[in-house]
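Colleague: I have a structure I would like to understand better, so I am pasting it below and will then ask my questions one at a time.
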Amino acid sequence: MIDDQVPDSLPVRDDAPPVTGSDVGRILIGLLVLAFAGVTGLFAPLLVMASDGCNEGDARTICSAGAQQIVGNLPVGAAFVAAVLTVVGMSNRGNAGWGCLLAAPCLLAVAWVVSLAIVGA
82 MIDDQVPDSL PVRDDAPPVT GSDVGRILIG LLVLAFAGVT GLFAPLLVMA SDGCNEGDAR
142 TICSAGAQQI VGNLPVGAAF VAAVLTVVGM SNRGNAGWGC LLAAPCLLAV AWVVSLAIVG
202 A
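In our numbering, the protein residues as written are 82 to 202.
And the structure:
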């Protein structure tokens, strides 16, 4: 026979780790870094338009095809890698997570500095 009676008290398992202030801070920082990565990936490649004023014999760095490729592709690649680092940092509770969250904006800043240096040179 099948017992149709449901026990009055079901066992409750509480295996989820508690959410602390550090976790909330890490998630908020991660969301800010993801926003910075999105802005970098969307708008930094537009710096290639600095080459619009290039003429045939222009010696500026941005007027070469290689420099235009760097300025166009470096921010997109940096934004993708930074987004991956940020997600890893948000999901990891240890020191490696904080290291990833620190490395991501540094990578984005380097991409902006290199792109702006090429455009301005």
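Every residue, glycine too, gets a C-beta built ideally from N, C-alpha and C.
(1) Three or more beta-carbon pairs under 8 Å between the region 183-202 and the region 143-154, yes or no?
(2) With burial defined as no fewer than 16 other Cβ atoms inside 10 Å of the residue's Cβ, what is the status of S172: buried or exposed?
(3) Counting only beta-carbon separations shorter than 8 Å, does T101 have a partner in chain B?
(4) List, from N- to C-terminal side, the beta strand (DSSP E) runs of 3 residues or more that fit wholly inside the region 109-185.
(5) DSSP state of R94, grouped into three classes?
(6) With distances taken from CA atoms, which of L183, W193, L189 and R174 is nearest G102?
(7) Check whether the Cβ atoms of W193 and T121 lie closer than 8 Å to each other.
(8) Does P156 pass the burial test, meaning 16 or more other C-beta atoms within 10 Å, or should it be called exposed?
(9) Do you know offhand how far A125's Cα is from L189's?
Modeller: From the atom records:
(1) yes
(2) exposed
(3) Any reference to chain B falls outside this structure, which holds one protein chain only.
(4) none
(5) coil
(6) R174
(7) yes
(8) buried
(9) 10 Å
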